[in-house]
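Asks:
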Amino acid sequence: DAGVIQSPRHEVTEMGQEVTLRCKPISGHNSLFWYRQTMMRGLELLIYFNNNVPIDDSGMPEDRFSAKMPNASFSTLKIQPSEPRDSAVYFCASSLSNLAPGELFFGEGSRLTVL
Amino acid sequence: AQSVTQPDIHITVSEGASLELRCNYSYGATPYLFWYVQSPGQGLQLLLKYFSGDTLVQGIKGFEAEFKRSQSSFNLRKPSVHWSDAAEYFCAVTGFQKLVFGTGTRLLVSP
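So the protein lines, in turn, are chains A and B. Taking our numbering, the leading residue of the first sequence gets 1, the next gets one more, and so forth. Taking our numbering, the leading residue of the second sequence gets 1001, the next gets one more, and so forth.
As structure tokens, then:
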């Protein structure tokens, strides 16, 4: 069975450039989460969607970050313009939230380095 | 708001020895509690969960955890650690939708 698929696995970019991270959740899952992981701040929930609708984006750091989920099988996290402090590993996770709250399936992450 | 505290940043255990990782939570109602494991370069994987009922729950890879309401704790245990258990372990809590993670405990296994 395919798990959560994220791309790219690694991204190195320069400050000021636009970065787009992509996620394909597990088929049939109705919730999707974007997390950011850094040494300093640990795992932070950025935003989550339920049935493609953003439910809570209070963790999105600032207006430079945006996330979309145009359909049940695809989501993007965009950073524009990127800054060195955005360097982190970004994880996407999906779940069947109504049946199994908190049981998240994580992708392998996208490691972002902003120079 | 819910929160999770993992007081140990690093723990080193000898292979074959027992393990206990501590987790304390703060939540106003009966929480849903979880332990996740993260191997280097990988995403997180669910080890076990507690929703209700028996306070001792079994998970994958021989792990178990005990929910103690009086202590607001959900400690993870394993009777005999294997070298492959070296990883980072995260405790997490949710009311229904938003999963909040602790800061993690890195487990090192010595020969």
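C-beta: ideal position from N, C-alpha, C; glycine also.
Run the CB neighbour count on residue 1083 (chain B), radius 10 Å, all protein chains shown included, and call it buried at 16 or more, exposed below.
Replies: Here residue 1083 (chain B) refers to the residue found at position 83 when the second sequence is read from its first residue. So residue 1083 (chain B) ends up on the exposed side.
Asks: Against chain A, does residue 1061 (chain B) count as a neighbour if the rule is that its beta carbon must be under 8 Å from one of theirs?
Replies: For the purposes of this step, residue 1061 (chain B) is taken as the residue at position 61 of the second sequence. No - not a single Cβ of chain A is within 8 Å of the one on residue 1061 (chain B).
Asks: Going by alpha carbons, who is nearest to residue 1059 (chain B) out of B:1047, B:1068, B:1070, B:1051?
Replies: In the second sequence, counting from the first residue as 1, residue 1059 (chain B) sits at position 59. Residue B:1047 is the option with its Cα nearest to residue 1059 (chain B).
Asks: I think residue 91 (chain A) touches residue 106 (chain A), with their Cβ atoms under 8 Å apart; what is that distance to the nearest whole Å?
Replies: What you label residue 91 (chain A) is simply residue 91 of the first sequence in a count that begins at 1. What you label residue 106 (chain A) is simply residue 106 of the first sequence in a count that begins at 1. Yes, residue 91 (chain A) and residue 106 (chain A) are in contact; Cβ-Cβ is about 5 Å, under 8 Å.
Asks: On the three-pair Cβ rule with 8 Å, is the region 1027 to 1047 of chain B touching the region 1084 to 1095 of chain B?
Replies: Yes: at least three Cβ pairs fall under 8 Å.
Asks: Any C-beta of chain A sitting closer than 8 Å to the C-beta of residue 1005 (chain B)?
Replies: The sequence position of residue 1005 (chain B) within the second sequence is 5, counting from 1. No, residue 1005 (chain B) does not count as interfacial toward chain A.
Asks: Could you tell me which residues DSSP puts in a beta bridge with residue 1077 (chain B)?
Replies: As a working mapping, residue 1077 (chain B) is identified with position 77 in the second sequence. Residue 1077 (chain B) pairs with B:1020, B:1064.
Asks: Please report the residue range of the beta strand (DSSP E) in which residue 35 (chain A) lies.
Replies: The residue given as residue 35 (chain A) occupies position 35 in the first sequence. 31 to 38 is the extent of the beta strand (DSSP E) around residue 35 (chain A).
Asks: Closer than 7 Å by C-beta to residue 88 (chain A): which residues in its own chain qualify, once you throw out the five before and the five after it? Chain order, please.
Replies: If you number the first sequence from 1, residue 88 (chain A) lands on position 88. For residue 88 (chain A), where only same-chain residues beyond five positions count, the Cβ hits under 7 Å are 36, 37, 38, 112.
Asks: Within 8 Å of any Cβ in chain A, is that where the Cβ of residue 1107 (chain B) sits?
Replies: Counting from one through the second sequence, the residue named residue 1107 (chain B) turns up at place 107. False, the Cβ-Cβ gap to chain A never drops below 8 Å.
Asks: Under a CB-based cut-off of 8 Å, is residue 1092 (chain B) close to chain A?
Replies: Counted from its first residue, the second sequence places residue 1092 (chain B) at position 92. Chain A contact via Cβ: present.
Asks: Which residues, in chain order, does the region 98 to 112 of chain A contribute to contact with chain B at a C-beta distance below 7 Å?
Replies: Residues 101, 102, 103, 104, 106, 107, 108, 109.
Asks: Just to confirm before moving on: does the CB-CB distance between residue 74 (chain A) and residue 24 (chain A) stay below 8 Å?
Replies: Mapped onto the first sequence, residue 74 (chain A) falls at position 74. Mapped onto the first sequence, residue 24 (chain A) falls at position 24. Contact flag set, yes.
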